[in-house]
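**Student:** By the working numbering, the letter at position 27 of the sequence shown is numbered 50, and the numbering carries on one by one without gaps. For each residue, glycine too, the CB sits at the ideal point set by N, CA and C. Computed from a predicted structure; not experimentally measured.
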Amino acid sequence: PLPIGKAEVRRRGQRIALLAFGALLAPACKAAEALNATAVNMRFVKPLDQKLILELAASHEALVTLEDNAIAGGAGVAVGELLSANGVTIPLLHLGLSDRFLEHASREELLSESGLDAGGIEAAIRERFAELTAISGMRSTG
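#1: Out of curiosity, what's the CA-to-CA distance linking Val111 and Thr61?
#2: Please report the residue range of the alpha helix (DSSP H) in which Arg149 lies.
#3: Any chance the region 50–57 sits against the region 97–117, with 3 or more Cβ pairs inside 8 angstroms?
#4: When you compare only the Cα positions, how much space is there between Leu139 and Ile27?
#5: Roughly how many whole angstroms lie between the Cα atoms of His83 and Ile148?
#6: Are the beta-carbon atoms belonging to Pro50 and Ala85 less than 8 angstroms from one another?
Now the structure itself:
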């Protein structure tokens, strides 16, 4: 059986950990591969796997939350609240849907337009954490 509240580390990497909620696991894993980052299938928003999140914050230099949901009030915000409540200071990037009306399109088109496909995820992480991704051997997915 699936243990309630337990996330699954899908790939071990260095420096950056990607915490994927919901259907963004596949593009997150692809981006993590290109970035030599850790990829985690969070599985649950409530309850969060607090122990694993705190372990990842201690062993990485930055965290990225990914969700195909609005960022405002979303899973990434809950991760930020957990870190803050535990006195953990770490660079944190939230990737998800902006708080705006989305035009009608296919799911793939909407994710691509929102930068939530593998290439968009990788590009956003490289832009925000340039100093952590400027390592030889990191190859782009795009």
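**Tutor:** Per the coordinate set shown:
#1: Along the sequence shown, one-based indexing puts residue 111 at 88. Along the sequence shown, one-based indexing puts residue 61 at 38. For Val111 and Thr61, the distance between alpha carbons rounds to 19 angstroms.
#2: Taking the sequence shown and counting its residues from 1, the one referred to as residue 149 is at position 126. Counting along the chain, the alpha helix (DSSP H) containing Arg149 begins and ends at 141–151.
#3: no
#4: The count along the sequence shown starts at 1 and reaches residue 139 at position 116. The count along the sequence shown starts at 1 and reaches residue 27 at position 4. Each residue's Cα considered, the two are about 26 angstroms apart.
#5: The residue given as residue 83 occupies position 60 in the sequence shown. The residue given as residue 148 occupies position 125 in the sequence shown. Cα to Cα, the separation comes out at about 14 angstroms.
#6: As a working note, residue 50 is residue 27 in the sequence shown. As a working note, residue 85 is residue 62 in the sequence shown. Contact: no.
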